[in-house]
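Participant: Sharing a structure here in structure tokens format.
Number of protein chains: 2
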Amino acid sequence: MRPYAGHCSAPAGAQAHPAPVRLNGDSRSKLLSTISLAFDACGIRDGATLSFHHHLRNGDQVLNLVLAEAAARGLRDLTVAASSLFPVHEPLVTHLRSGVVTRLHTAYMSGPVADAVSRGVLATPVVMTTHGGRARAIESGELRIDVAFIAAPAADRCGNLNGVEGPAACGPLGYAMVDAQHAAHVVAITDHVVPYPACPIDIAQERVDFVVTVDSIGDAGGILSGTTRPTTDPVGLQIAANATRVIEASGLLDEDFSFQTGAGGISLAVADQLRSVMRRRSVQGSFAAGGVTGYLCDMLDEGLFRALFDVQCFDLRAVDSYRRDARHMAMSASLYANPHGKGAVVDQLGAMILGAAQVDLDFNVNVTTGSHGRILGGSGGHADTADGARLAIVTTTLTSRAGLKLVERVGCITTPGSTVDVVVTEAGVAVNPRREEMAQRLKAAGLPVCAMTQLQRLTGQGPTRQAPARDGRIAAVVQYRDGTVIDVVRVAK
Amino acid sequence: MRPYAGHCSAPAGAQAHPAPVRLNGDSRSKLLSTISLAFDACGIRDGATLSFHHHLRNGDQVLNLVLAEAAARGLRDLTVAASSLFPVHEPLVTHLRSGVVTRLHTAYMSGPVADAVSRGVLATPVVMTTHGGRARAIESGELRIDVAFIAAPAADRCGNLNGVEGPAACGPLGYAMVDAQHAAHVVAITDHVVPYPACPIDIAQERVDFVVTVDSIGDAGGILSGTTRPTTDPVGLQIAANATRVIEASGLLDEDFSFQTGAGGISLAVADQLRSVMRRRSVQGSFAAGGVTGYLCDMLDEGLFRALFDVQCFDLRAVDSYRRDARHMAMSASLYANPHGKGAVVDQLGAMILGAAQVDLDFNVNVTTGSHGRILGGSGGHADTADGARLAIVTTTLTSRAGLKLVERVGCITTPGSTVDVVVTEAGVAVNPRREEMAQRLKAAGLPVCAMTQLQRLTGQGPTRQAPARDGRIAAVVQYRDGTVIDVVRVAK
Chain A
1 MRPYAGHCSA PAGAQAHPAP VRLNGDSRSK LLSTISLAFD ACGIRDGATL SFHHHLRNGD
61 QVLNLVLAEA AARGLRDLTV AASSLFPVHE PLVTHLRSGV VTRLHTAYMS GPVADAVSRG
121 VLATPVVMTT HGGRARAIES GELRIDVAFI AAPAADRCGN LNGVEGPAAC GPLGYAMVDA
181 QHAAHVVAIT DHVVPYPACP IDIAQERVDF VVTVDSIGDA GGILSGTTRP TTDPVGLQIA
241 ANATRVIEAS GLLDEDFSFQ TGAGGISLAV ADQLRSVMRR RSVQGSFAAG GVTGYLCDML
301 DEGLFRALFD VQCFDLRAVD SYRRDARHMA MSASLYANPH GKGAVVDQLG AMILGAAQVD
361 LDFNVNVTTG SHGRILGGSG GHADTADGAR LAIVTTTLTS RAGLKLVERV GCITTPGSTV
421 DVVVTEAGVA VNPRREEMAQ RLKAAGLPVC AMTQLQRLTG QGPTRQAPAR DGRIAAVVQY
481 RDGTVIDVVR VAK
Chain B
1001 MRPYAGHCSA PAGAQAHPAP VRLNGDSRSK LLSTISLAFD ACGIRDGATL SFHHHLRNGD
1061 QVLNLVLAEA AARGLRDLTV AASSLFPVHE PLVTHLRSGV VTRLHTAYMS GPVADAVSRG
1121 VLATPVVMTT HGGRARAIES GELRIDVAFI AAPAADRCGN LNGVEGPAAC GPLGYAMVDA
1181 QHAAHVVAIT DHVVPYPACP IDIAQERVDF VVTVDSIGDA GGILSGTTRP TTDPVGLQIA
1241 ANATRVIEAS GLLDEDFSFQ TGAGGISLAV ADQLRSVMRR RSVQGSFAAG GVTGYLCDML
1301 DEGLFRALFD VQCFDLRAVD SYRRDARHMA MSASLYANPH GKGAVVDQLG AMILGAAQVD
1361 LDFNVNVTTG SHGRILGGSG GHADTADGAR LAIVTTTLTS RAGLKLVERV GCITTPGSTV
1421 DVVVTEAGVA VNPRREEMAQ RLKAAGLPVC AMTQLQRLTG QGPTRQAPAR DGRIAAVVQY
1481 RDGTVIDVVR VAK
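Residue numbers (the working numbering), protein chains in the order written: chain A, 1 to 493; chain B, 1001 to 1493.
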């Protein structure tokens, strides 16, 4: 365990990970009729590490099905390495309590699992990574996966998989691509077997040992994020307008311009307003990336970008775009954000729009815990994109129903302030002192630039320091994208 | 060195290959202006292993450019691991003579390099692999590549590469994909830099350390094989007609049917005639694969197959098809033919049309040496596809200008007879005794089935055994797809 060194450090003697070896002698058909047969075939034992990906988000049933089998078999001490965990994964709480699963490794968790972890259900702290850090850990051999389970919307008898066909079509399987490449064994779970060969292929047969057929891998409706429409709230729209003006004033809006945003209401409003600006200025940028929404696809359709890089779709319009448009390209989590690869897409990003649960005077951002100190999310690609993008913009209201958002010191550092360039609120725009030239540009463009301390004063909050808990048992360690530990989450009292 | 065991054996304690580690700190631009700078950046020293791929075939200039630099630097004892070597690589002969290059590893060689090797220019025997065996060797770590040089028809500043743009567009970079994934360092050489991001992407930036720009990577005209039209010779057409009838009678011609053929005149005539049969019988097969020609693309266009798997294009029509049709899918050499992966495409093949320099009474095939004992080719995918396909058909005339083609014992075993099902000649069709049920099917369909000895009698050749040379220095060892040694080539006297 290396402490966070204040920047994204180079790999420390990265250990090679053994290449996967063929398990299934019959490559002509890898079909199995039950998950139980896959457990037998892969020899899953106590203490195994099983991995999962979250392209079906809150519609996923694969993790629940697999862990129900593990529990039925009386397995113990499993590690679950899931790229993200959602409320739908509530049954996992039972397995955490019973000791079927004793370790978690994830980039994001919300819902009952997050609550249970916050309350201290696990003796061993959860490892919370970034999306890129997860890929790095897998590629370096730091996280060794015994069996990767892949929720495959479509699969053929030989294990060619794609995410564009079948009832649970969800788009490219970017996170699973890394697991499939490095796990000792790979089991695809599907409810839609297509004739050989699947076409297109997101993950090829050379990576897959078995294909298990089940009635349903989940509900594609659940892949939608909570919010998939631009905000209509006037405060949110004001923030989005300011963020769009920041991009316009930044000097980045040329043919090299690239853009990523999430699926929150303010983020989508920025995409929407940016679209008008790019149209008006007749700019064709380079690419948009990320978790992809239909809004980015519309911008591609309109010629505002030349290409999309997509690690996961946030809505069904994006799935459809990926299906029909070759410029809408899949990317693995490693290509997306691995800091120790030969170059990730996040490192090419121009402007990145980020959300925040809390931001502090040092521009540190917390998207891991709420003001109550309990886990409500995690980095996902937050820290990766903030570090990689030339212009990392955090959009946030000063306060929310849950309490203050602009605070003296965040309860948990997900993303270090050194990688955040601008914080945009309804009351003004704060520029990181490291980016003085950007502050000048924004002022020149008439943006309401002010110091973070000025913004903080507007919250009505005094300068008292809201000290985070510094004792108590550790519920989760928060890893930065390079695998160093940037913070911890204590068990909530 | 394990002896050939009579079948495709399982991996013997496959050793893990270390994951590549990032070399280039600046992932935003990997551009270098000279190959010399890439040698410096990668620290290429005496004894290094450099790899190359052959998608530009006899038009390739990258191997020559790189080795000229090596020679200019006075480097010694390099190993050149080239997926294939062509007449255009004549300058390599000088480097073999001078000791700049002392080891070769390839799946095919023709022209001056093959002649020089046959004459004994190297003290260390050349390792001749199959295309699948090469991928296996690289993935297992048996062949460790220090620097992979990739001839990239198009590249962006971050090393995203494709084969569909630029003056040397050659189609998917299937062989290079394996090198790019496993080599310690990867250098793309391009004459066509495109704006970021290249789109589509055949090899992604996460695999590439540097991009060197040169005036020309070669002549796309040279990617054409010698023959790219169906034969018009009556004997060749008769053979093709018999081969087509064999496929029709085999029982394979249904919705699971899949097909591969080379770019020779008889092979293309089979494709042409098969097309008419499939049309007439209203069959839509599963896939065609291989080195892909325009003939297979036409069959895809016409709906006779649902998809193509393409490891390299044999002609420019195929390049165009790959560019525009998502059903025309790229595959890596590993996905194509690695016998130790989790399942290769060749293992799913229905009918495979193979050529031969010599075939013998035991159905062994030689495509490595001529009747004079000198190297004139190599397996490429020959042994891989013969082993994988359900119906491996060798088409050959009984004799050729170069001498007998049907012999008692081939001068070199490239492909073992146990994996060859049917030999089709102008005088009759011989079925491997292991496939008695196939012989019955073909007889029932009225095909001129006869014993191999009967065919041999027609050549006018007595039963005398043309004993291959069993002494003298070894010029090349011939590896079967699993890495076992199936034969050797002696230095020609």
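The beta carbon of each residue, even a glycine, is placed where N, CA and C say it ideally should be.
Assuming contact is defined by CB atoms lying nearer than 8 Å, are A/R76 and A/D46 in contact in what I supplied?
Facilitator: Yes. Within cutoff.
Participant: For a test of the three-state rule: what should DSSP assign to B/F1039, helix, strand or coil?
Facilitator: B/F1039: helix per DSSP, three-state reduction.
Participant: Quick check on the burial criterion: 16 or more other C-beta atoms within 10 angstroms. Buried or exposed for A/H55?
Facilitator: With 16 or more Cβ atoms within 10 Å of its Cβ, A/H55 is classed as buried.
Participant: What residue ranges within the region 1179–1259 of chain B form continuous beta strand (DSSP E) runs of no fewer than 3 residues, ordered along the chain?
Facilitator: Counting only runs of 3 or more, we get 1185–1190 and 1210–1213.
Participant: What first and last residue would you give for the beta strand (DSSP E) that runs through A/D310?
Facilitator: Per DSSP, A/D310 belongs to the beta strand (DSSP E) from F305 to C313.
Participant: Would the region 1176–1188 of chain B count as touching the region 1326–1336 of chain B if we require 3 or more Cβ pairs under 8 Å?
Facilitator: Output reads yes: the region 1326–1336 of chain B touches the region 1176–1188 of chain B.
Participant: Can you pull the DSSP bridge partners for B/N1162?
Facilitator: Answer is B/A1154, bridged to B/N1162.
Participant: For chain A, find out if any of its Cβ atoms is closer than 8 Å to the Cβ of B/S1282; answer yes or no.
Facilitator: Chain A, which has no Cβ nearer than 8 Å to the Cβ of B/S1282, makes this no.
Participant: Nearest to B/F1039 by alpha carbon, out of B/K1030, B/V1066, B/S1051 and B/L1237?
Facilitator: For B/F1039, the nearest C-alpha among the options comes from B/V1066.
Participant: For A/K342, decide whether its Cβ has a neighbour in chain B, counting only Cβ atoms nearer than 8 Å.
Facilitator: Cβ-Cβ to chain B under 8 Å: yes for A/K342.
Participant: Ignoring anything shorter than 4 residues, give me the alpha helix (DSSP H) runs that lie fully in the region 1313–1388 of chain B, in order along the chain.
Facilitator: Complete alpha helix (DSSP H) runs here, min 4: 1316–1324, 1333–1337 and 1382–1388.
Participant: Report yes or no: is there a C-beta of chain B within less than 8 Å of the C-beta of A/E302?
Facilitator: By this cut-off, A/E302 is not an interface position.
Participant: Does any residue of chain B have a CB that is nearer than 8 Å to the CB of A/L335?
Facilitator: Chain B, which has a Cβ nearer than 8 Å to the Cβ of A/L335, makes this yes.
Participant: Tell me the rounded alpha-carbon separation between B/K1342 and A/F210.
Facilitator: If you take the alpha carbons of B/K1342 and A/F210, they lie about 10 Å apart.
Participant: Against A/E206, what residues of chain B qualify as contacts under a CB-to-CB distance less than 8 Å, listed in chain order?
Facilitator: By Cβ distance, chain B contributes S1332, S1334, L1335, N1338, G1341, K1342, G1343 and A1344.
Participant: Using a Cβ-Cβ cut-off of less than 8 Å, give me the residues of the region 1367–1398 of chain B that come near chain A, in sequence order.
Facilitator: From the region 1367–1398 of chain B, no residue has a Cβ closer than 8 Å to chain A.
Participant: Would you call A/T415 buried or exposed, if buried means 16 or more other Cβ atoms sit within 10 Å of its Cβ?
Facilitator: Counting Cβ neighbours within 10 Å, A/T415 comes out buried, since at least 16 surround it.
Participant: Give a yes or no on contact between the region 1115–1131 of chain B and the region 1473–1482 of chain B, applying the rule of three or more CB pairs nearer than 8 Å.
Facilitator: Yes: at least three Cβ pairs fall under 8 Å.
Participant: For A/M452 versus A/L391, is the C-beta distance shorter than 8 Å?
Facilitator: Not closer than 8 Å, so no.
Participant: Considering only their Cβ atoms, is the gap separating B/Y1336 from B/H1328 smaller than 8 Å?
Facilitator: For B/H1328 and B/Y1336, no; Cβs fall outside 8 Å.
Participant: Chain A partners of B/F1052, CB-CB under 9 Å?
Facilitator: Here the premise fails: no neighbours, minimum Cβ distance about 20 Å.
Participant: Please confirm whether A/A326 and A/C297 have their CB atoms less than 8 Å apart.
Facilitator: Cβ distance not < 8 Å, so A/A326 and A/C297 don't count as in contact.
Participant: Under 8 Å between C-beta atoms, does A/T484 make it to chain B?
Facilitator: So no, A/T484 is outside the interface.
Participant: Can you give me the C-alpha to C-alpha distance between B/S1258 and B/P1339, rounded to a whole angstrom?
Facilitator: When rounded, the distance between both Cα atoms is 19 Å.
Participant: Cβ of B/S1051 within 8 Å of Cβ of B/F1086?
Facilitator: Result no, Cβ atoms of B/S1051 and B/F1086 do not sit closer than 8 Å.
Participant: Report the three-state DSSP secondary structure of B/R1076 (helix, strand or coil).
Facilitator: Three-state result, B/R1076: coil.
Participant: Under the rule that 16 or more other beta-carbon atoms within 10 Å means buried, what is A/G59, buried or exposed?
Facilitator: The residue in question, A/G59, is buried, as its Cβ has 16 or more Cβ neighbours within 10 Å.
Participant: Mind checking whether B/H1095 and B/A1072 have CB atoms under 8 Å apart?
Facilitator: Contact: no.
Participant: May I ask you to report which of helix, strand or coil DSSP gives B/V1277?
Facilitator: B/V1277 falls in the helix class under three-state DSSP.
Participant: Looking at the structure shown, is A/H95 part of a helix, part of a strand, or coil, going by DSSP?
Facilitator: Helix.
Participant: Would you report the Cα separation of A/R473 and A/A492, rounded to the nearest angstrom?
Facilitator: Those two C-alpha atoms are separated by around 9 Å.
Participant: Do you know offhand how far A/V345's Cα is from B/Y1196's?
Facilitator: The alpha-carbon atoms of A/V345 and B/Y1196 are separated by roughly 10 Å.
Participant: Please state the DSSP three-state secondary structure of A/F143.
Facilitator: Strictly speaking, residue 143 of chain A in this sequence is Leu, with Phe absent from that position. Coil, per DSSP.
Participant: What does A/C158 touch in chain E if you count any residue whose Cβ is under 8 Å from its own?
Facilitator: In the structure shown, chain E cannot be found, because the protein chains are A and B.
Participant: DSSP three-state call for A/A81: helix, strand or coil?
Facilitator: Residue state, collapsed to three classes: strand.
Participant: Grab me the residues of B/A1269's own chain with a C-beta within less than 7 Å of its C-beta, minus the 5 sequence neighbours each way, in chain order.
Facilitator: Taken in chain order, the residues that qualify are P1230, T1231, G1236, L1237 and A1240.
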